[in-house]
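S.K.: Here's a structure for you.
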Amino acid sequence: MGNVIAFNDIVSVDDDSFSMSNGLTDVFIDYLLLSGSRLAKTESEKRMVVFLAEKQQTKVGMGNVGFDIVEMPWTSDTFETDKTFVLEMIHHARALTSEKRVWEKMGYEPGQEHLVYALNSFEVLIKRMSIKDINENNLENWLSAAEIDDPINTGFSQCPKHEVLLSLFGCKLCNDGR
Ligand SMILES: [Zn+2]
Numbered sequence: 127m128g129n130v131i132a133f134n135d136i137v138s139v140d141d142d143s144f145s146m147s148n149g150l151t152d153v154f155i156d157y158l159l160l161s162g163s164r165l166a167k168t169e170s171e172k173r174m175v176v177f178l179a180e181k182q183q184t185k186v187g188m189g190n191v192g193f194d195i196v197e198m199p200w201t202s203d204t205f206e207t208d209k210t211f212v213l214e215m216i217h218h219a220r221a222l223t224s225e226k227r228v229w230e231k232m233g234y235e236p237g238q239e240h241l242v243y244a245l246n247s248f249e250v251l252i253k254r255m256s257i258k259d260i261n262e263n264n265l266e267n268w269l270s271a272a273e274i275d276d277p278i279n280t281g282f283s284q285c286p287k288h289e290v291l292l293s294l295f296g297c298k299l300c301n302d303g304r
């Protein structure tokens, strides 16, 4: 079991998709969440982070959180700045992997080599994303599936303990006992 992140659902040998063990997936999401929650300023940037925060295997099942880059909440209105934001989130997450202060906060030291591999692979896929790959239905469906009290509809609150954005499942780090 594991999770696959791919560009879209067209599978080929050189499609840049990559797979992670369930354990690595959790670490990958944790670091993006720490990074993105600190950097996100606009609504569309916060939506990107919450999309990732929803990838909680303790809530949706182990090995059930793989996704395609084109499924992320892209919109042509803010595409360029959102793409820049996601690349900065990855860049900052990579920097956090070697910060002892972050290991202490999380209560574990990440397997840095694997984590950086996953972040680099994610970066390759994000760099490929272009405005013509956007399917606005994906954003509409994601927004319309959200309940009225979902954090994306109530001002994007953060966990006071972990300073990360909440998803419909609450704080991923609290849920994981961090
Ligand atoms: Zn928390």
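The opening residue of the sequence shown carries number 127 in the working numbering; numbering runs sequentially from there.
Glycine residues also receive a C-beta, built at the ideal position from the N, C-alpha and C atoms.
1. Along the chain, which unbroken stretches of the alpha helix (DSSP H) at least 4 residues long are found entirely within the segment 250 to 281?
2. Please name the residue, chosen from Ser147, Phe282, Leu165, that lies closest to leucine 222 on a Cα-to-Cα basis.
3. Does DSSP classify aspartate 140 as helix, strand or coil?
4. Report the CB separation of methionine 174 from aspartate 208 in whole angstroms; it is logged as a contact under 8 Å.
5. Say the cut is 8 Å; is the CB of valine 175 nearer than that to a heavy atom of ligand 1?
6. Do isoleucine 216 and valine 191 count as a contact pair if the criterion is CB distance below 9 Å?
7. Are there any heavy atoms of ligand 1 lying less than 8 Å away from the beta-carbon of arginine 164, as far as the coordinates show?
M.R.: Quick look at the numbers:
1. 262 to 271
2. Leu165
3. coil
4. 6 Å
5. no
6. no
7. no
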